[in-house]
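J.:
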Amino acid sequence: MTITRANTVILNVAAFILSVISLTARAAPDDRYLAGYAAAVLEARFGLPSRELQVENGKLRLHSADLQGQDTGEVLASLRAIDGLEVELVGTPTEAPSVSPSAKPAPLPSATLSETTGWLPRAQLFDPLIADPRWPRFSATLQFYQHDEELGTVGAPNFGAAIPFYGWRGLGIDWQAGLHAGVFSIFDLNSDSSDLINSDFFVALPISARYGPLSAQVRLFHQSSHLGDEFLLRNRVDRINLSYEGADLRLSVKPWNWLRFYAGGGGIFDAEPDLDPWMVQGGLEITSPDPIYSNLLYPIVALDVQSFEESDWGVNYSARAGVEFRSAWLAARRLQLVMEYFNGRSPNGQFYDRDVEYFGPGLHFYF
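Numbered according to the working numbering, the sequence shown spans residues 12 to 378.
In C-alpha cells form, the structure reads like this:
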C-alpha cells in the first residue's frame, strides 16, 4: 500500500511529537533539569526573576524573601507539583520586604541571572498565543470542515518556532529580541493523492517586554501564500500572488497565575493584491495549576478572537481545549494535545475571502 505524501508528513510530525511525549514521561529528572524547570515555573507563572537555582539530590532550598510578595502557598504548590522535586522554604514570610500597593517593585540586583536574559535565553518573555491559528509552532492537526463545497477532511502540518535571540534588562523592564518563522500548510485528505491545497510562509522580527504580570510584543513581519500544484491542476483556477508586510502589537496581562488576557492589533502594507490593512485581536487563556494525572497533564482552555477590515470587521473565533504536558525535560517548552474549533474567514492565505468552519484534534509543540 502506498502512503501519500501528506500522510507521510503528518505521520512523521505525529511520531516526532509522540516521541517527545514518551521522553517526557520516562526521563529521569536530574538536578540540572529540576533546577531549570523550577526556574521556568517561577518566571512564567509568577513573574519572578529566574535565578541560578541550586538543586541537590532532588531538593531545592528557596528563601522566602525571593518570593517578592507572591503567595507562598501557591508558589510552593506549583514547585512541589514538579515530579522528583522536593522544596524546602527557609526564612519566614515576614522576612520579605513589605511593599505598599503604590510602590514600584525594586529593580533586580545586577548579580541576578535570569532565564530570559543573555544570548539564546531558555524562556520567553511573551508566551505563545495558543489559540491563534498562525502562531509559529510545530504541530499536526486533523481538521473536519463543515458545510464546505470543496474541503472535507484536511491535514494541517505546521512547522515553525518563536526563538528569542537575546535578552536584557533596562529601565526596570525585561526585554528580548528574536525571530518568528513558520510554514502553515493544508492537505485535502479526501483526494486520491492527498493534494497540497495551500502553504503560507511567515517570518517576523519581534521585540518583547515584561514587567511583572504585564508583557508586550511588537513585530515586523512578512507573509506570502502559495497554492499547491495539484490543486491548481484539478481546479484550473487563477493563482493569486498574495504577499504583504505588516506590523502588530499585543499586550498581555496575568491577573492570576492561571488566567491570561491579551489584546492588540496591527496593519499590513505593500500588499498584493490591494487589501484593507487593519485588524484587531483579543483573547484569553486558562491554565490549570493542578494536574489531572501524575503531575504530567494539566487542563488548558483558550479563545482567540480576530477581526479584519478586509472582511468588513466580521469576527473570527478560534477555540482550543485539552491538556498540556509538563515535566523537567520540557522545562519552559509547551507540548499540548487539544481539540480545536474555528469559525470565520479562512486563515489560509489564498482563501482569505472564504468563510470556513472546522474542528478536530491537534498536537502542538512550542519551543
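Glycine included, C-beta positions come from ideal geometry on N, C-alpha and C.
Please work out which residues of its chain come closer than 6 Å, Cβ to Cβ, to Ala167, disregarding the five sequence neighbours upstream and downstream, and give them in chain order.
T.: As a working note, residue 167 is residue 156 in the sequence shown. Cβ neighbours of Ala167 beyond the five flanking positions: Thr152, Gln154 and Ile197.
J.: Counting only runs of 3+ residues fully inside the stretch 247-335, write out the beta strand (DSSP E) ranges in chain order.
T.: Runs found: 254-267, 270-283, 289-298 and 308-319.
J.: What residue range does the beta strand (DSSP E) around Gly371 cover?
T.: Start at 1 with the first residue of the sequence shown, and residue 371 comes out as number 360. Per DSSP, Gly371 belongs to the beta strand (DSSP E) from Asp366 to Tyr377.
J.: Using only CA atoms, which one of Leu307, Asp315, Leu314 and Pro358 lies nearest to Gly342?
T.: The sequence position of residue 342 within the sequence shown is 331, counting from 1. Reading off the sequence shown, one finds Ala at residue 342, where the question assumed Gly. Comparing Cα positions, the closest option is Leu307.
J.: How about Ser236 and Leu253: are their beta carbons less than 8 Å apart?
T.: As a position in the sequence shown, residue 236 is number 225, starting the count at 1. As a position in the sequence shown, residue 253 is number 242, starting the count at 1. Closer than 8 Å, so yes.
J.: Could you tell me the distance, in whole angstroms, from the CA atom of Leu64 to the CA atom of Ala192?
T.: Working through the sequence shown from its first residue, we reach residue 64 at position 53. Working through the sequence shown from its first residue, we reach residue 192 at position 181. Between Leu64 and Ala192, the C-alpha separation is close to 32 Å.
J.: Just the C-alpha distance for Ala178 and Gly47, rounded to the nearest angstrom, thanks.
T.: In the sequence shown, counting from the first residue as 1, residue 178 sits at position 167. In the sequence shown, counting from the first residue as 1, residue 47 sits at position 36. According to the sequence shown, residue 178 is Gly rather than Ala. Rounded to whole angstroms, Gly178 to Gly47 spans 17 Å at the Cα level.
J.: I'd like the span of the beta strand (DSSP E) that includes Ala87, first residue to last.
T.: Numbered from 1 along the sequence shown, position 76 holds the residue referred to as residue 87. A small correction: the amino acid at residue 87 is Leu; Ala does not occupy that position in the sequence shown. No beta strand (DSSP E) holds Leu87; the alpha helix (DSSP H) holding it covers Thr83 to Arg91.
J.: Please report the Cβ distance between Val334 and Gly373, rounded to the nearest whole angstrom; I am assuming they are in contact, meaning their Cβ atoms lie under 8 Å.
T.: Here residue 334 refers to the residue found at position 323 of the sequence shown. Here residue 373 refers to the residue found at position 362 of the sequence shown. Not quite, the Cβ-Cβ distance comes to about 12 Å (not below 8 Å), so this is no contact.
J.: For Ser89, is the classification buried or exposed, using 16 other Cβ atoms within 10 angstroms of its Cβ as the cut-off for buried?
T.: Position 78 of the sequence shown, counted from the first residue, corresponds to residue 89. Buried.
J.: So, at 6 Å on beta carbons, what are the nonlocal neighbours of Ile14 in its own chain, with the 5 sequence-adjacent residues on each side left out?
T.: As a position in the sequence shown, residue 14 is number 3, starting the count at 1. Summary for Ile14: the model assigns pLDDT 46, below 50, so the residue's position carries little reliability; its value from the coordinates is reported in the next sentence. Taken in chain order, the list of residues that qualify is empty.
J.: If I'm right that Trp269 touches Ile297 with Cβ under 8 Å, what's the distance once you round it to whole angstroms?
T.: For the purposes of this step, residue 269 is identified with residue 258 of the sequence shown, where counting begins at 1. For the purposes of this step, residue 297 is identified with residue 286 of the sequence shown, where counting begins at 1. Contact flag correct, Cβ pair sits at about 6 Å.
J.: Quick one: give me the first and last residue of the beta strand (DSSP E) that Arg180 is part of.
T.: What you label residue 180 is simply residue 169 of the sequence shown in a count that begins at 1. Taken as a continuous stretch (DSSP letters only), the beta strand (DSSP E) holding Arg180 covers Thr164 to Gly181.
J.: Does the beta-carbon of Gln2 have 16 or more other beta-carbons within 10 angstroms, so that it is buried, or is it exposed?
T.: Outside the modelled stretch of the chain, which goes from 12 to 378, sits residue 2, for which no answer is possible.
J.: Considering only the beta carbon of each residue, do Gly223 and Gly58 sit closer than 8 Å?
T.: Start at 1 with the first residue of the sequence shown, and residue 223 comes out as number 212. Start at 1 with the first residue of the sequence shown, and residue 58 comes out as number 47. The answer is yes: Cβ separation under 8 Å.
J.: Would Asp287 and Glu256 qualify as a contact pair, given that the criterion is a beta-carbon distance under 8 Å?
T.: In the sequence shown, residue 287 corresponds to position 276, counting from 1. In the sequence shown, residue 256 corresponds to position 245, counting from 1. Taking 8 Å as the Cβ cut-off, Asp287 and Glu256 do not qualify as a contacting pair.
J.: Have a look at Ala49, Ala92, Leu136 and Val101 and flag the residue whose alpha-carbon is nearest the alpha-carbon of Pro302.
T.: Position 291 of the sequence shown, counted from the first residue, corresponds to residue 302. The shortest Cα separation from Pro302 among Ala49, Ala92, Leu136 and Val101 belongs to Ala92.
J.: Would you give the residue range spanned by the beta strand (DSSP E) that Asn209 belongs to?
T.: On the sequence shown, residue 209 is found 198 positions in, with the first residue counted as 1. Asn209 -> beta strand (DSSP E) spans Asp206 to Tyr222.
J.: May I ask you to report which of helix, strand or coil DSSP gives Gly47?
T.: One-based indexing of the sequence shown puts residue 47 at position 36. It is helical.
J.: Which residues mark the beginning and the end of the beta strand (DSSP E) in which Thr152 is found?
T.: Residue numbering aside, residue 152 sits at position 141 when the sequence shown is read from its first letter. Phe149 to Tyr156 is the extent of the beta strand (DSSP E) around Thr152.
J.: Going along the chain, which residues of its own chain have a beta-carbon closer than 8 Å to the beta-carbon of Leu194, five neighbours each way excluded?
T.: For this step, residue 194 is matched to residue 183 along the sequence shown. In the sequence under discussion, the amino acid at residue 194 is Val, which differs from the Leu named in the question. Here the set comprises Asn169, Phe170, Gly171, Ser210, Asp211, Phe212 and Phe213.
J.: Might you give, ordered along the chain, the residues of its own chain that have their beta carbon closer than 7 Å to the beta carbon of Asp323, omitting 5 neighbours on each side?
T.: To locate residue 323, count along the sequence shown from 1; it is residue 312. Correct list: empty, nothing qualifies.
J.: Between Phe376, Leu53, Gly129 and Trp130, which lies nearest to Asp77 when the distance is taken from Cα to Cα?
T.: The residue you call residue 77 lines up with position 66 of the sequence shown. Measuring from the Cα of Asp77, the nearest candidate turns out to be Leu53.
J.: What is the residue span of the beta strand (DSSP E) that Ala188 lies within?
T.: The count along the sequence shown starts at 1 and reaches residue 188 at position 177. Taken as a continuous stretch (DSSP letters only), the beta strand (DSSP E) holding Ala188 covers Ile184 to Asp199.
J.: Short check: CB of Glu126 to CB of Ala188, under 8 Å?
T.: As a working note, residue 126 is residue 115 in the sequence shown. As a working note, residue 188 is residue 177 in the sequence shown. No, the pair does not count as a contact, with Cβ atoms beyond the cut-off.
J.: Work out the CA separation of Gly102 and Pro147 for me, nearest whole Å.
T.: Position 136 of the sequence shown holds residue 147. Position 91 of the sequence shown holds residue 102. Their backbone Cα atoms lie some 42 Å apart in a straight line.
J.: Three-state secondary structure (DSSP) at Ala227?
T.: Counted from its first residue, the sequence shown places residue 227 at position 216. Three-state DSSP puts Ala227 in a strand.
J.: Among all the DSSP beta bridges, which residues are the ones paired with Gln347?
T.: Counting from 1 along the sequence shown, the entry for residue 347 is found at position 336. DSSP lists Glu335 and His375 as partners of Gln347.
J.: Identify, in the order they occur along the chain, each residue of the same chain with its Cβ nearer than 7 Å to the Cβ of Gln157, setting aside the five sequence neighbours on each side.
T.: Within the sequence shown, the letter at position 146 stands for residue 157. Closer than 7 Å at Cβ, skipping near neighbours: Glu368 and Tyr369.
J.: Would you report the Cα separation of Thr83 and Ile279, rounded to the nearest angstrom?
T.: Here residue 83 corresponds to residue number 72 of the sequence shown, with the count starting at 1. Here residue 279 corresponds to residue number 268 of the sequence shown, with the count starting at 1. Using only the alpha carbons, I get a separation of about 45 Å.
J.: Go ahead and pull the three-state DSSP assignment for Glu97.
T.: Within the sequence shown, residue 97 is the residue found at index 86, counting from 1. Note: Glu97 maps to strand in three-state DSSP.
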